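Everything on this sheet refers to the single structure shown next.
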Amino acid sequence: MASPYELLAGLALLREKKRRAHQDSHLELQEWSGFQVQVGKFTCLIPSGQVEEVVTPASIASVRGVPAWVSGVIYCRAQLVTLVDMAALLLGKGATALPGRAFVVRGSEEWFGLQAGQFEGVRHIWSDTPACDPPQDTSGDWVRYIRQWLLLDGQPVAVLDAGKLVSALEVGEIRP
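Per the numbering used here, the very first residue in the sequence shown carries number 121; after that it's consecutive.
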């Protein structure tokens with residue numbers, strides 16, 4: 121008779137084998153890490169694979185004649201980075217980002233620093249993390265930048281496609 125430890129080890133191996141088989145047959149998000157942030161009243165994840173660097177801007181240069189959701193510019197990795205207040209941009213709220221971390225995302229020609237109201241930490245997402253429907257009060261143009269909704273700790277969490285958002289900013293698809 122197998123010991124309980126051997127049974128648990130066997131179950132863990134079977135689960136890993138199942139996860140890898142599932143991973144090979146699907147191109148959806150699998151095992152990844154993301155930065156959990158608050159954007160307005162929504163909890164969101166920015167996949168870490170889309171972020172070049174996380175910075176705390178020491179000095180932000182203001183820019184005139186830009187939309188209200190542009191917080192300014194910073195210098196990072198020898199690049200000029202446009203800081204974007206995500207709540208103001210996506211939800212149409214006034215400037216809401218607290219001066220804090222910016223998640224630097226490289227576009228095809230420009231770099232953007234996505235600022236959120238609050239950084240809640242790094243989350244690791246497994247392939248068996250349950251997906252869920254968006255909350256009922258979720259509406260607006262910003263939902264097209266959501267890759268999927270996950271159920272984490274009993275709460276719906278939006279997975280933002282930062283690459284798609286930055287591409288839209290670069291081509292001028294998002295207007296003030």
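Note that the Cβ used here is the ideal one computed from N, Cα and C, for glycine as well.
Computed from a predicted model, the values in this text were never measured in an experiment.
Secondary structure note for Ala222: it is in no alpha helix (DSSP H), and the uninterrupted beta strand (DSSP E) holding it is 222-226. In the displayed model, Trp269 falls within a strand according to three-state DSSP.
A Cβ-Cβ contact shorter than 8 Å links Ser191 with Val204. Counting C-beta pairs with one atom in each stretch, the segment 245-257 and the segment 222-233 have fewer than three that are closer than 8 Å, which means they do not touch. Taking C-beta atoms as the reference points, Leu289 and Ile166 fail to come closer than 8 Å. When the five nearest sequence neighbours on each side are left out, the beta carbons in the same chain lying within less than 8 Å of the beta carbon of Tyr195 are those of Val201, in order along the chain. In the displayed model, Ser153 falls within a strand according to three-state DSSP. A Cβ-Cβ separation of about 6 Å places Val242 in contact with Ser153 under the 8 Å criterion. By the C-beta density criterion, Ala207 is buried, having at least 16 other C-beta atoms within 10 angstroms. Going by DSSP, Gly192 is part of the beta strand (DSSP E) stretching over 190-196.
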